[in-house]
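What follows is a single structure, written as structure tokens, with notes after it.
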Amino acid sequence: MRLVLKVIAVVLACAVVIGVGGYSYLLLAYPKVGAASALRVEATPERVARGKYLSDHVAGCTECHSQRDWTRYAGPVKPETYGAGGEVWDESIGFPGHLVSRNITPSALGTWSDGEIVRAFTEGVARDGAPLFPLMPYTAYGQHMAQEDVQAVVAYVRTLPPRTQQIAERRLKFPLPLIVRTMPAKATAPATRPDPSDRVAYGGYLVELAACAECHTAVDSRRAPIAGMRLAGGREFPQPNGLIARSANLTPDATGTGGWAEALFIEKFKVYEDGAAHVPVKPTDFNTPMPWGAYSGMTREDLGAIFAYLQSLKPIVHQVEKVGRKDAATN
5 MRLVLKVIAV VLACAVVIGV GGYSYLLLAY PKVGAASALR VEATPERVAR
55 GKYLSDHVAG CTECHSQRDW TRYAGPVKPE TYGAGGEVWD ESIGFPGHLV
105 SRNITPSALG TWSDGEIVRA FTEGVARDGA PLFPLMPYTA YGQHMAQEDV
155 QAVVAYVRTL PPRTQQIAER RLKFPLPLIV RTMPAKATAP ATRPDPSDRV
205 AYGGYLVELA ACAECHTAVD SRRAPIAGMR LAGGREFPQP NGLIARSANL
255 TPDATGTGGW AEALFIEKFK VYEDGAAHVP VKPTDFNTPM PWGAYSGMTR
305 EDLGAIFAYL QSLKPIVHQV EKVGRKDAAT N
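Each step along the sequence shown adds one to the number in the working numbering, with nothing skipped, and position 276 is 280.
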């Protein structure tokens, strides 16, 4: 019996040593992206204008890094919080913890170098070396956002009016604090963006910058994208009232955008340029996380390019029920 107990004790001790060693390794070895670059961005008027367009209407920087008014349909940004962060994701909407978007105005980023800002939103590492949570699609930016557009975003963020905002520290369910350390990766994006005259290529570029696939691809129980279902919709977004919003199928199948006219696709966005489209909603009503207000500011040419790209995709049959309830969810 004593021998058995000794063996058990040794096994447990080894498990503890291995566990502590592995934990320490993750803390010390990750993230693996290296130091921020010495990049200095020249803030030309053209670059700032391009950065504003991308931040406000394509990449969604100022949409997430502001508070949204969920008493209105599609949650338009509260102007007084523009860029100051404060939007919350928590367990009431299915998030595994508590996350608050950060302040990206000069009040918070004024001491950051241009290279540190770039590393944060293209590689997922903060100024202090801490890993960022990939709710911000830094992988999409790092792999696809052309360097000229990366610099434009930095140039614009530098011009934001300073705003102060108390931001709570994030809380993630275990083992997410360890997993997120392994996710940041070196940026590999090209220097220049596709020529807008190539509508399919440029539309694909915009789809990557807007991270459309992040929301419009169904995920499995581990929240990993389901293979073969890219942009076919069906990802579920729980709401505090028990309802579930599901993303639309964007592929050119009859269950998605097949048969749509380009003009109809564009108007689906442009209707939200009028603030009246953000109608009041009650807490018990259905709402959508889709930032229609932000995307409505894209040019008709860019929206048309996105449509051209979507129509070039392989059609995927996937009938999506737009609204469901948590107690009836299957994913």
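Using N, Cα and C, we set each Cβ at its ideal position, and we do this for glycine too.
{"Check": "Endpoints, the alpha helix (DSSP H) within which residue 207 is located", "Outcome": "203-213"}
{"Check": "Host alpha helix (DSSP H) of residue 101 (start-end)", "Outcome": "Looking at the DSSP string, residue 101 is not in any alpha helix (DSSP H); the run it does join, the beta strand (DSSP E), is 101-104."}
{"Check": "Between the CA atoms of residue 132 and residue 298 - distance to the nearest angstrom", "Outcome": "30 Å"}
{"Check": "Residue interval of the alpha helix (DSSP H) (run including residue 311)", "Outcome": "304-315"}
{"Check": "CA nearest to the CA of residue 172, picked from 69, 267, 308, 90", "Outcome": "90"}
{"Check": "Residue environment, residue 27, which counts as buried when at least 16 other CB atoms sit within 10 Å", "Outcome": "In this prediction, residue 27 has a pLDDT of 44, which is less than 50 and means its spatial position is unreliable; what the coordinates show is noted afterwards. Classification for residue 27: exposed."}
{"Check": "Same chain only: Cβ atoms within 7 Å of residue 155, ignoring 5 sequence neighbours per side", "Outcome": "45, 51"}
{"Check": "Opposing strand residues paired with residue 328 [DSSP bridges]", "Outcome": "248"}
{"Check": "For residue 241, the first and last residue of its enclosing beta strand (DSSP E)", "Outcome": "240-242"}
{"Check": "Bridge partners - residue 264, DSSP secondary structure assignment", "Outcome": "Note: residue 264 sits in no beta bridge, so no partner."}
{"Check": "Host alpha helix (DSSP H) of residue 121 (start-end)", "Outcome": "118-127"}
{"Check": "Buried versus exposed call for residue 135 [16 or more other C-beta atoms within 10 Å across all chains shown]", "Outcome": "buried"}
{"Check": "Proximity of residue 322 and residue 236 at Cβ, strictly below 8 Å", "Outcome": "yes"}
{"Check": "Coil, strand or helix - residue 234 by DSSP", "Outcome": "coil"}
{"Check": "As assigned by DSSP and simplified to three states, the class of residue 93", "Outcome": "strand"}
{"Check": "Ranges of the alpha helix (DSSP H) found wholly within the stretch 271-299, counting only runs of at least 4", "Outcome": "296-299"}
{"Check": "Residue 227 in three-state terms, based on DSSP", "Outcome": "coil"}
{"Check": "Per-residue DSSP class, three states only, for residue 139", "Outcome": "coil"}
{"Check": "Sub-8 Å separation of residue 245 and residue 288 beta-carbons", "Outcome": "yes"}
{"Check": "Segment contact flag, the stretch 57-76 with the stretch 294-310, C-beta cutoff 8 Å, min 3 pairs", "Outcome": "yes"}
{"Check": "Three-way DSSP call (helix, strand, coil) for residue 66 in this model", "Outcome": "helix"}
{"Check": "Boundaries (first-last residue) of the alpha helix (DSSP H) holding residue 41", "Outcome": "First-last for residue 41: undefined, no H or E at that position."}
{"Check": "For residue 262 and residue 268, the rounded distance between their alpha carbons", "Outcome": "12 Å"}
{"Check": "Residue 324 beta carbon less than 8 Å from that of residue 345", "Outcome": "Because the chain here runs from 5 to 335, residue 345 falls outside it and cannot be looked at."}
{"Check": "Simplified DSSP assignment, three categories, for residue 175", "Outcome": "strand"}
{"Check": "Residue 48 (DSSP reduced to helix, strand or coil)", "Outcome": "coil"}
{"Check": "Whole-angstrom distance between residue 179 and residue 79, CA atom to CA atom", "Outcome": "31 Å"}
{"Check": "contact_flag[the stretch 210-218, the stretch 136-144] where n(CB pairs < 8 Å) is 3 or more", "Outcome": "yes"}
{"Check": "Spatial distance of residue 294 from residue 241 (CA atoms)", "Outcome": "10 Å"}
{"Check": "Distance, residue 326 Cα to residue 31 Cα", "Outcome": "Residue placement at residue 31 cannot be trusted, given a pLDDT of 47 that sits under 50; the coordinates are not used to answer."}
{"Check": "Neighbourhood of residue 330 by C-beta, 8 Å cutoff - its chain only, sequence neighbours within 5 removed", "Outcome": "242, 246, 247, 248"}
{"Check": "Residue 280 versus 225, 68, 87, 77, residue with shortest Cα-Cα distance", "Outcome": "77"}
{"Check": "Buried or exposed (CB count within 10 angstroms, at least 16 for buried), residue 191", "Outcome": "buried"}
{"Check": "Cutoff 8 Å; reference residue 342; Cβ partners in own chain excluding five residues on either side", "Outcome": "The requested residue 342 does not occur in the structure, where the chain is confined to residues 5 to 335."}
{"Check": "Residues of its chain near residue 277, where Cβ-Cβ distance is below 6 Å and the 5 sequence neighbours each way are ignored", "Outcome": "300"}
{"Check": "8 Å Cβ cutoff met for residue 188 and residue 37", "Outcome": "yes"}
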